Structures are given as structure tokens and as C-alpha cells.
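Engineer: Take the sequence shown: its letters are residues 542 to 989, numbered as in this note's numbering.
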Amino acid sequence: MTQKANNGTDALVQKFSQFEAGATQPKWLQPVRKAGMASFADQGFPTLNDEDWRFTNVGPIAALPFQLAKPAAVNGAESAALDAAVFTKLPGNRLVFVNGFFAAKLSSLKPVDGGVRIENLAAALAKDSTLIEKHLGKLAHTAKNSFAALNQALFADGAFIFVPKGVTVEEPVQLIYLSSAKNAGEVILPRNLIIAEANSKLTVVESYLSTANTAYLTNAVTEIVAGDSATVEHVKLQDEAAAAYHVATIAGEFGRASHVSVHSFALGAKLSRNNIRTKLAGEGLECILNGLYLTKDEQLADHHMIVEHAQPHCASHEYFNGILDDKSKGVFHGRILVQEIAQKTDAKQTNKNLLLSDDATADTKPQLEIYADDVKCTHGATIGQLNAESVFYLRSRGINTDMARQMLIHAFAGEIIERIKCEPAREVIDKLVWDRLEANPHLAQKQL
């Protein structure tokens with residue numbers, strides 16, 4: 542294997558040889574893994590010279606003493622973290638993973654009807670993997686995404702969800718990833734494949750939590766396939782340890798007249814990056830990408846996305862808000878790509894950043910790349926502090942300054958949260974965000 546870009550990749554290339562020797566997998570998966578590692582070795586970790594990464598320095602990740610996370614003996618720490626997790630009281634099936642490996646002891650699975658499959662990926666691969674072979678690695682492209690390439694090469698487990706045609710899964714499916722990494726440089730590599738066939742309905746709630754605070758790396762990939770007239774809602778919560786690094790890829794392809802919503806809530810980790818790429822592959826569909834990031838101290842939260850309009854009469858709407866404090870940083874880079882065939886496209890993209898500190902920064906780059914001539918596309922971005930006139934208006938109604946600020950900030954976050962259609966998940970996220978904002982000592986102290 543030729544390694545052209547030795548930017549922190551050598552240790553992981555060596556790990557691949559050891560991993561491959563001991564892996565139990567279908568024959569078709571071996572070349573897929575090799576292609577992923579070849580792509581990773583060729584690209585190396587991105588640098589600030591890469592246009593898509595010029596605001597986010599992953600040098601600290603490349604410098605980690607990498608070691609692949611191993612299955613952990615589930616103990617009281619994992620159980621306690623699960624009990625405290627905000628989504629655990631939601632109804633429905635729950636798959637729990639510790640360090641990226643399925644933990645049956647912590648999971649809660651009920652019998653499902655209609656041919657629905659909800660199981661861990663490693664078990665699914667050991668059975669009939671024909672359906673997985675058709676989709677795995679087909680959406681999360683490794684070109685220009687070395688983290689997705691690394692995951693493709695070395696993932697061990699994750700979730701596999703399949704909903705047949707015309708079937709509705711009434712209750713949300715939970716995927717909970719707990720990290721109990723105790724050593725700096727541990728790499729956790731979850732891989733999720735979600736397939737919702739034509740006229741099916743599904744809600745997935747995916748969350749990332751931790752029991753220990755060390756400089757580990759979670760590198761996750763989730764692929765979503767939505768068939769014609771399918772309705773899929775995906776809610777992701779990233780609340781990892783303060784010293785951790787989190788990089789995730791969400792890639793989807795959606796069919797005619799489908800309705801897909803992807804929500805991202807980034808609260809934790811020292812550095813987090815969400816790469817979201819969706820292909821609108823059928824006419825008349827609607828896609829909503831929606832996200833909120835709360836940062837403090839020296840956190841960095843980055844959302845990078847591409848929405849490809851590949852067919853006519855499709856609508857896409859992106860809404861991302863950030864609330865940044867201390868010396869933290871928010872990054873947003875969104876691109877709407879409208880192919881020549883995609884006439885009658887309706888696309889909107891907005892990014893708004895609220896700075897609670899003079900030292901907080903936001904870098905935003907909304908883009909339109911349009912090759913069709915009959916479209917309605919808009920984009921915009923704002924960066925600023927609370928509007929003094931809005932605070933004054935509330936004060937004139939008898940509300941004190943601190944409460945006025947809290948109300949405005951909560952409303953700023955609430956416009957993102959209210960787009961979650963799954964009511965139980967929406968209520969949980971709303972409470973979590975409000976509690977985090979309430980706990981911020983600077984929330985009311987910042988003077989206008």
C-alpha cells in the first residue's frame with residue numbers, strides 16, 4: 542500500500558494490518574475495507590491548507606497516540622451513564638454500544654413485526670448481508686473525506702436498521718454510543734446503516750456520551766437510504782467528554798416524494814465536526830437539515846454540508862444556529878449544489894451565530910452552486926450579540942434584564958428545536974438545552 546500523505550496516518554495503517562488479520566467478515570467486505578484504508582493513507586489527515594478544513598485544525602487529532610478501542614467489560618460506570626442519559630426514557634427499541642461495540646446487557650430490544658430489522662451491524666453481517674452489501678459504503682464516499690475512509694477500513698460494529706415497504710415504526714429507535722476510553726488516543730469507530738424503503742416511516746435518535754474524560758477520538762459514519770415517499774427523521778446528539786474529539790459523517794440518498802429531516806445538536810467534545818452530504822435523487826422530495834451548537838471554554842463545533850439537488854421539483858432547507866461563549870468557535874460551511882436537470886429547485890440556507898463573549902468567534906460560509914436556470918435559492922448568515930432593542934422591549938414589559946436575555950437566547954435555540962417532529966425527542970432536547978443554558982454563569986452577566 543503506497544502512502545503518499547504521511548500526516549499522522551502511519552500508525553493507523555499498521556493497525557489495519559493487525560485488524561485485517563483477525564477480522565471475521567463476509568468476503569465482499571474485505572476489498573471495501575482495503576479501499577478505505579488506501580484512500581485514508583493516500584489523503585492523510587486534512588490540514589488548514591484544505592479549503593474544506595481551513596477553519597478547523599485537526600492537527601491535535603493527527604498527533605494522538607492511536608490505538609483501536611476494544612470491547613469493554615460493562616460495569617457500574619456505563620450503567621450509571623445510561624441511567625443519566627436524557628433519551629433513555631423514550632419509548633421504543635434501544636441499541637447501546639460501549640466503545641463502539643454492541644452491549645446487549647444495556648440494550649433494550651422488543652419484537653418487531655412486518656420484516657423490520659433492528660440489530661447491531663456485526664451480527665447482521667454474520668447473517669444475511671446481501672442487503673448490507675448493496676448499500677454499505679455507497680453513500681459515505683471516501684474521496685475528500687479521510688475520516689470516512691478510516692471508518693470504512695476499521696469499523697467493528699454499529700447499528701443496522703431496515704424498514705420494508707409500507708411499514709411504519711411507531712416508536713423512535715435509539716442508538717446510544719457510550720465511550721469509556723481511559724487512554725489518550727483510543728479510536729472509536731461506529732458505523733450505522735439505515736434503510737427505509739418506499740412508503741415507510743422511521744425516527745432514529747442517535748446520541749454520543751462518555752463516562753471518562755480523556756483525549757479519545759470518535760469517528761462515526763451513518764448512511765441513510767430513504768425510498769420513494771418514505772418519511773425519515775434522524776436526531777443526533779453529540780455530548781462527548783470535554784477532552785474528546787468527535788468527527789462524524791452523515792450521508793444520505795433520498796427517493797421521490799420522500800420527507801427526510803436530519804437534526805444535529807453539538808454540545809460536547811473539545812473539537813467536533815459533522816460532515817453531512819445528502820443527494821436528492823427523486824423528484825418532489827423535501828429535505829430539512831437542522832442544527833444547534835452550544836460551545837464554551839475553547840470548544841470548536843464545525844458543521845460542513847453539501848446538499849445535491851439531482852432531480853427537479855425538490856426542496857431543501859438548512860437551518861443552523863450557534864450559541865458561543867468564552868473563547869469557543871463555531872464553523873459553518875454549507876453548499877447547495879443544483880445540477881442542470883434540477884429545475885424548479887427550492888433551496889434555503891441560513892446560519893445564525895449568537896456570541897455571548899467578546900472572545901468567541903464564528904466562521905460561516907454559505908454557498909450556492911447552481912447549474913439550472915429555473916430555481917429559487919437563498920442563503921444568508923449572521924454573527925452578533927443580543928439585540929439591545931429586543932432586550933429593552935422586554936424590560937419595558939416589566940421583565941428584568943437577566944430574564945429578558947434568557948428568554949431571547951432560549952427562543953434563539955428554540956427555533957431549531959421546534960423543528961423536531963418526534964414530540965418525545967423534542968421535549969427531551971428542549972429541556973437539555975435549557976438546562977445547559979441555565980447552568981451557564983455568563984448567560985445573564987454579559988452586558989449589552
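Backbone N, C-alpha and C fix where the C-beta goes; we use that ideal spot for every residue, glycine too. Here the structure is a predicted model, which is why all the values come from computation and not from measurement.
Over the uninterrupted beta strand (DSSP E) stretch that includes G832, give me the two end residues.
Structural biologist: Residues E827 to T836.
Engineer: When the Cα atoms are used, what is the spatial distance from I673 to T759?
Structural biologist: Cα-Cα distance, rounded: 23 angstroms.
Engineer: Helix, strand or coil for D698, going by three-state DSSP, please let me know.
Structural biologist: D698 falls in the strand class under three-state DSSP.
Engineer: Nearest by alpha-carbon distance to V639: which of I882, L949, Y749 and K668 is it?
Structural biologist: Cα-wise, what sits closest to V639 is Y749.
Engineer: So does the region 899–918 actually touch the region 941–948, counting three or more Cβ pairs closer than 8 angstroms?
Structural biologist: Not touching, per the Cβ criterion.
Engineer: Measuring alpha carbon to alpha carbon, tell me which of K889, A761, V776 and N692 ends up nearest F581.
Structural biologist: For the residues K889, A761, V776 and N692, the minimum Cα distance to F581 belongs to N692.
Engineer: Using the three-state DSSP reduction, which class does G577 fall into: helix, strand or coil?
Structural biologist: Three-state DSSP puts G577 in a helix.
Engineer: Are K777 and H804 touching if we call contact CB-CB under 9 angstroms?
Structural biologist: Yes, the Cβ-Cβ distance between K777 and H804 is below 9 angstroms.
Engineer: Tell me which same chain residues have a C-beta within less than 7 angstroms of the C-beta of T629, skipping the five on either side of it?
Structural biologist: For T629, where only same-chain residues beyond five positions count, the Cβ hits under 7 angstroms are L623.
Engineer: From this set, L833, A725, F557 and C963, which residue's C-alpha is nearest V573's C-alpha?
Structural biologist: Among L833, A725, F557 and C963, the Cα nearest to that of V573 belongs to F557.
Engineer: Quick check: what's the CA-CA separation for K972 versus V714?
Structural biologist: About 20 angstroms.
Engineer: Can you say whether N894 is buried or exposed, counting buried as having 16 or more other CB atoms within 10 angstroms of its CB?
Structural biologist: N894 should be labelled buried.
Engineer: Quick one: is G577 buried, meaning 16 or more other Cβ sit within 10 Å of its Cβ, or exposed?
Structural biologist: Burial call: buried.
Engineer: Am I right that F607 and V728 are in contact with their C-beta atoms under 8 angstroms? What's the rounded C-beta distance?
Structural biologist: Rounded, the Cβ-Cβ distance is 6 angstroms, consistent with contact.
Engineer: Between the alpha carbons of R1073 and V615, how many angstroms are there, rounded?
Structural biologist: In the structure as shown, the chain starts at 542 and stops at 989, and residue 1073 therefore has no counterpart that could be examined.
Engineer: With 16 as the cutoff for other CB atoms within 10 Å, does S857 come out buried or exposed?
Structural biologist: Buried, because 16 or more other Cβ atoms sit within 10 Å of the Cβ of S857.
Engineer: With H, G and I counted as helix, E and B as strand and the rest as coil, what does DSSP make of E738?
Structural biologist: Coil at E738, not helix or strand.
Engineer: Between the alpha carbons of K987 and L865, how many angstroms are there, rounded?
Structural biologist: Any reading at K987 is ruled out, since the residue's pLDDT is 48, under 50, leaving its predicted position unreliable.
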